[in-house]
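In what follows, a structure is listed as structure tokens, so that the remarks can point back to it.
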Amino acid sequence: RVLRDHGQVRKYEHRVVGWNCRMDGIQGAVLRIKLRDLERGNELRRAHAQKYERLLSEVEEIITPDVQPYAKHVFHIYAVRVQRRDEVIAFLEENGIGCAVHYPVPVHLQEAYSSLGYGEGSFPVAERAASEFLSLPMFPELTSEQVALVADTLKECVVEEIPA
Numbered sequence: 013r014v015l016r017d018h019g020q021v022r023k024y025e026h027r028v029v030g031w032n033c034r035m036d037g038i039q040g041a042v043l044r045i046k047l048r049d050l051e052r053g054n055e056l057r058r059a060h061a062q063k064y065e066r067l068l069s070e071v072e073e074i075i076t077p078d079v080q081p082y083a084k085h086v087f088h089i090y091a092v093r094v095q096r097r098d099e100v101i102a103f104l105e106e107n108g109i110g111c112a113v114h115y116p117v118p119v120h121l122q123e124a125y126s127s128l129g130y131g132e133g134s135f136p137v138a139e140r141a142a143s144e145f146l147s148l149p150m151f152p153e154l155t156s157e158q159v160a161l162v163a164d165t166l167k168e169c170v171v172e173e174i175p176a
């Protein structure tokens, strides 16, 4: 069971290297229908990401995703980096904006890779990034107005409410 869920025993706690093999028949049937609309959803997420980039890249305190011109990102998440992430999360949630933290524990600190001998401090850039990443709302059904509201609220928070 652990192997089919990325080797996780609990969310973001990996004991062994595993795979993502968790689909049953019902999920397969739903996916078959959803795949018909996949490219449209990807294009909508790309448009939302472009708007986030336009609105947030001017703010020094917010690091937006670095997308290379040759890449075609689908933005299943839109993760920015901010200092004092937990305070930013609290501010966004107080203002009715949901957000999430994805991948809070760097790979080298997962139990599944403990045999490699790495520990805290081995990869300081990865550790810092893991403590700063914040995923903003990102799904095809977002409106342009909602993206703008999220961006404006985030900017208000990092620039005015909790400056560095």
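In our numbering, the protein residues as written are 13 to 176.
Think of the CB as a built atom: it goes at the ideal place given N, C-alpha and C, for glycine as much as any other residue.
Since this is a predicted model, take the numbers as computed values, not measurements.
Contact check, residue i vs residue j under 8 angstroms by CB: the rounded distance?
| i | j | result |
| --- | --- | --- |
| Cys111 | Leu146 | 6 angstroms |
| His85 | Arg58 | 7 angstroms |
| Pro152 | Leu43 | So it is not a contact: roughly 16 angstroms between Cβ atoms. |
Considering only residues of the same chain and omitting the five flanking positions on each side of residue i, which have a CB-CB separation below 7 angstroms?
| i | result |
| --- | --- |
| Val94 | Glu73, Ile74, Val100, Glu144, Leu146 and Val170 |
Buried or exposed: residue i, going by 16 or more other Cβ atoms within 10 Å of its Cβ?
| i | result |
| --- | --- |
| Leu148 | buried |
| Ala41 | exposed |
| Thr155 | exposed |
| Val137 | exposed |
| Val10 | A question about residue 10 goes unanswered here, because the residues of the chain that appear run from 13 up to 176. |
| Tyr90 | buried |
| His114 | exposed |
| Leu104 | buried |
| Ala83 | exposed |
| Glu102 | The amino acid occupying residue 102 in the given sequence is Ala; Glu does not appear at that position. The residue is exposed, with fewer than 16 neighbouring Cβ atoms inside 10 Å. |
Do you know whose CA, among the options, lies nearest residue i's CA?
| i | options | result |
| --- | --- | --- |
| Met35 | Asp17, Arg22 and Val21 | Asp17 |
| Gln158 | Pro77, Tyr82 and Ala61 | Ala61 |
| Ala160 | Asp49, Lys63, Asn54 and Gly53 | Lys63 |
Once the 5 residues before and after residue i are set aside, which same chain residues still bring their CB inside 6 angstroms of it?
| i | result |
| --- | --- |
| His120 | Tyr130, Ser134 and Phe135 |
| Arg97 | Glu144 and Leu146 |
| Thr76 | Glu65, Leu68, Ser69 and Val92 |
| Asn54 | Val86 |
Using C-beta distances below 8 angstroms, list every residue in its chain close to residue i, excluding the 5 sequence neighbours before and after it, in chain order.
| i | result |
| --- | --- |
| Glu25 | Val117, Gln122 and Glu123 |
Checklist entry - Looking at C-beta atoms only, is the number of pairs between the segment 26-44 and the segment 113-133 that lie closer than 8 angstroms three or more? => result Here the segment 26-44 makes contact with the segment 113-133; the two share three or more CB pairs at distances below 8 angstroms.
Next on the checklist: Three or more C-beta pairs under 8 angstroms: does that hold for the segment 160-167 against the segment 63-71?
Outcome noted: In this structure the segment 160-167 touches the segment 63-71; the number of beta carbon pairs closer than 8 angstroms is three or more.
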